[in-house]
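Here's the structure, in structure tokens; my notes come after.
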């Protein structure tokens, strides 16, 4: 018997004639992920399934945790692959499987079956009946419960037989690389790493940009953002992080523009820089962690005024989330504890005491005329001097 992992997907299954492209992309991501942990794995496509067969020694828990972070997978099951699918052999191996998986067989169970081999000796219902009878005869303490069993025993008859009983929830979504690339505006807060994680689950590769403001923000603040990018990369794959020195631009805006408009104007210039970096690096959209009404710069009016400076789409996966919803996801993906470290980013340092919450685009444009003389050259310098860090888990 070969040990391995049965991987199920959801949305990929409705892709029709293009499904194989998504399956191939998912297989490639699985090979990349599994190559980073101990063990020798062979990733193969089956009919509506993907299998990661394992050879030699491996840590099953580590493999499962790794597979949970691969977008596109809806469920993961450790599986026994039975090459000889003759019925007597399948029965015996199912019994051996239960002996390995469960020290105590005092539980209720139900057999479930799928059969793609339509020439097999038994139909799916017959497999359930015959297997159930065999297991009852082999193990004391087992009892059948077809309505609410403690354990499901799955038997799938395909080119080979597959036996499994445990199912772990996967990340869901779509395989990385199937939906293009976007530029994430990554800060040191709770929201933007979660936004990056969520957009990557839809198959989007990520670059990221961080706005640094030394000496007003410390090197520890930058290290914090690199750590967040690394945590997001556990799901999103390799991320190219652009660190933009924003100090001179912020101080110029601070000196020339009304203080109640600082946040909006600074945000508009961040978006301009992010879009230029995105275009240069073949991204087709920007991603932010904004949520309606969370802060002054995220009211409907503020978001509209911010959007005005962008020609490419701005994706906001958290737009209708409550803060606790975002925190829950941050805790799940492991970014929360890093995000709450007390190292301020450039946004929080320059927040006005009474920021405008309902800005008018025309008013903001008029205020920006006060910095027309130097701002374009400052933008070019900020972009050309951006530092690039390749971040991977």
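Numbering (this note's numbering), first residue to last: 46 to 438. From the three backbone atoms N, C-alpha and C, an ideal C-beta is built for every residue, glycine too.
- Residue 311 is bridged by DSSP to nothing; it lacks a bridge partner.
- Taking all protein chains in view, the Cβ of residue 303 is surrounded by fewer than 16 other Cβ atoms within 10 Å, so the residue is classified as exposed.
- Here the alpha carbon of residue 189 sits roughly 15 Å from the alpha carbon of residue 171.
- Taking 7 Å as the cut-off, the beta carbon of residue 243 is found no closer than this to the beta carbon of residue 117.
- DSSP places residue 123 in no alpha helix (DSSP H) but in the uninterrupted beta strand (DSSP E) bounded by 120 to 127.
- In the DSSP assignment, residue 183 falls within the unbroken alpha helix (DSSP H) covering 169 to 183.
- The alpha-carbon of residue 372 is positioned some 22 Å away from that of residue 348.
- In this structure, DSSP gives residue 52 an extended state, which the three-state scheme calls strand.
- With three or more CB-CB distances shorter than 8 Å, the region 326 to 340 counts as touching the region 244 to 255.
- Judged by DSSP secondary structure, residue 352 falls within the alpha helix (DSSP H) whose first and last residues are 345 to 352.
- Straight across, the Cα-Cα distance linking residue 230 with residue 55 is about 29 Å.
- Annotation: residue 379 to residue 104 spans about 21 Å, alpha carbon to alpha carbon.
- Residue 97 is bridged by DSSP to 50 and 88.
- Secondary structure at residue 250: strand, using DSSP grouped into helix, strand and coil.
- Secondary-structure assignment with DSSP links residue 227 through a beta bridge to 251.
- Looking from the CA of residue 111, the closest CA among 316, 336, 133 and 278 belongs to 278.
- In the structure shown, residue 158 adopts extended strand secondary structure according to DSSP, grouped into three states.
- The three-state reading of DSSP puts residue 340 in coil, since its state is none of H, G, I, E or B.
- Its Cα nearest to that of residue 310, the residue 417 stands out among 325, 417, 149 and 70.
- For residue 68, the CB contacts under 6 Å within the same chain, skipping 5 residues up- and downstream, are 90 in chain order.
- Partner residues in the beta bridge of residue 290, as assigned by DSSP, are 257.
- Looking at the DSSP output, residue 221 shares a beta bridge with no other residue.
- Its Cα nearest to that of residue 421, the residue 317 stands out among 317, 186 and 183.
- Its Cα nearest to that of residue 423, the residue 298 stands out among 132, 62 and 298.
- In this structure, the straight-line span from the alpha carbon of residue 206 to that of residue 338 is close to 54 Å.
- Taking C-beta atoms as the reference points, residue 269 and residue 233 count as a pair closer than 7 Å.
- The continuous alpha helix (DSSP H) containing residue 143 extends over residues 132 to 146.
- Here the C-alpha atom of residue 226 lies approximately 37 Å from the C-alpha atom of residue 398.
- Beta-bridge pairing by DSSP links residue 284 to 436.
- Between residue 71 and residue 240, the beta carbon gap of about 23 Å keeps them out of contact (Cβ cut-off 8 Å).
- Taking C-beta atoms under 8 Å as the contact rule, residue 257 and residue 291 qualify, at a distance of about 6 Å.
- Going by DSSP, residue 77 is part of the alpha helix (DSSP H) stretching over 64 to 79.
- Boundaries of the alpha helix (DSSP H) harbouring residue 426: 417 to 429, taken from the DSSP string.
- Counting every other CB atom within 10 Å of its CB across the protein chains shown gives residue 236 a total of 16 or more, marking it as buried.
- DSSP, reduced to helix, strand and coil, places residue 206 within a strand of the structure shown.
- Residue burial is scored here from C-beta neighbours: residue 345 has fewer than 16 other C-beta atoms within 10 angstroms and is therefore classed as exposed.
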